[in-house]
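Notes to accompany the following structure.
Numbering (the working numbering), first residue to last: 119 to 422.
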């Protein structure tokens, strides 16, 4: 294939939709209206831009170049929540999303109803001797379901802090890796086992700043919400002590806290945080332990 044919190519067309590249730039035509397909430079988030240069977020997980490459090869693409799309399904999803001001990944996918059977079947994996139904959900993905830290956390039922441990790619670090873990944790914490959304969310709206390990474990006396304060000072007293807090974190970070990479995230991107916004406060942290190649996602939101 020559350079021009790679830069200008129709990948899919069915009369209503056309999906392809022009001058190397991905585009989609929906019922006669043309949109550019772009990706956030620092996050795996797909956008469409219309002729008036209006930008709309479409999906939290797709890079347009990768999508077109897969469709051109006759393959399907799978979203971060396990939904599989062929080219027609993908175009329908984009059409649905383009008519909404604030699109969320669960809305865009639920328009299709139940997930279809996979078009690219994988060899059946050997079953474990015993398993939890949640563990086998497609949404589980990189979420670590069974870890001794969860047993320690369970000793503190009056804590308002939620935890989710997510596997990270070996050697990877930085904001993108943390954001991906945040998305996986959102699927785990915000969607129940029946695929019903408990709290709506749009992780593409989450922003972050890197903080130090000292800030992560700051004392309760410091102004504003922090991790220790969220654990020890919920709206209703729980009687927990600094020793309890240390016990939980020793389980979460068994190799010590030196070298942890920490990001603090904004909390305006999910209904989960609405109660905390009333007065008590909110917390959203991702903590990468490079010695274990995993990220601990820490969230809290509560009210009286």
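Where a beta carbon is used, it is the ideal one built from N, C-alpha and C, also for glycine.
Keep in mind it's a predicted model, so treat the numbers as computed, not measured.
Through-space distance from residue j to residue i, alpha-carbon basis
i, j, result
"residue 364", "residue 371", "10 Å"
"residue 218", "residue 171", "For residue 218, the predicted structure reports a pLDDT of 37, less than 50, and the residue's modelled location is therefore unreliable. The matter cannot be settled from this model."
"residue 63", "residue 312", "Only positions 119 to 422 of the chain appear in the structure, and residue 63 is not among them; the question remains open."
"residue 156", "residue 282", "30 Å"
"residue 411", "residue 286", "5 Å"
"residue 333", "residue 292", "18 Å"
"residue 357", "residue 278", "13 Å"
"residue 392", "residue 409", "34 Å"
"residue 324", "residue 180", "17 Å"
"residue 360", "residue 307", "26 Å"
"residue 337", "residue 298", "29 Å"
"residue 316", "residue 194", "28 Å"
"residue 184", "residue 147", "18 Å"
N- and C-terminal bounds of the beta strand (DSSP E) containing residue i
i, result
"residue 383", "379-383"
"residue 153", "151-157"
"residue 419", "412-419"
"residue 305", "Element bounds for residue 305: not the beta strand (DSSP E) but the alpha helix (DSSP H), 293-308."
"residue 270", "Unbroken run through residue 270 is the alpha helix (DSSP H), 266-271; no beta strand (DSSP E)."
"residue 260", "That residue, residue 260, is in no beta strand (DSSP E); it is neither H nor E in DSSP."
"residue 127", "127-131"
"residue 279", "279-285"
"residue 164", "164-167"
Terminal residues of the alpha helix (DSSP H) in which residue i lies
i, result
"residue 426", "With the chain running from 119 to 422 in the structure shown, residue 426 is simply not present."
"residue 392", "392-396"
Beta-carbon contacts of residue i that lie in its chain and below 6 Å, excluding the five residues immediately before and after
i, result
"residue 401", "343, 348, 418"
"residue 138", "127, 128, 129"
"residue 149", "134"
"residue 414", "283, 370, 405"
"residue 379", "291, 406"
"residue 196", "202"
"residue 352", "278, 420"
"residue 154", "145, 167"
Reduced DSSP secondary structure (H/G/I, E/B, other) of residue i
i, result
"residue 140", "strand"
"residue 290", "coil"
"residue 314", "coil"
"residue 370", "helix"
"residue 193", "coil"
"residue 407", "strand"
"residue 202", "strand"
"residue 214", "helix"
CB contact below 7 Å: residue i versus chain C
i, result
"residue 149", "This model lacks chain C altogether; it includes just one protein chain."
Proximal residues to residue i (C-beta, below 8 Å), its chain only, five neighbours per side dropped
i, result
"residue 335", "345, 346, 367, 375"
"residue 387", "319, 320, 321, 322, 323, 324"
"residue 190", "127, 129"
Sequence-distant residues of the same chain with beta carbon closer than 7 Å to residue i, five excluded per side
i, result
"residue 262", "283, 284, 285, 412"
"residue 260", "284, 285, 302"
Checklist line | Entirely enclosed alpha helix (DSSP H) segments - the stretch 325-367, minimum 4 residues | finding: 331-334, 345-350
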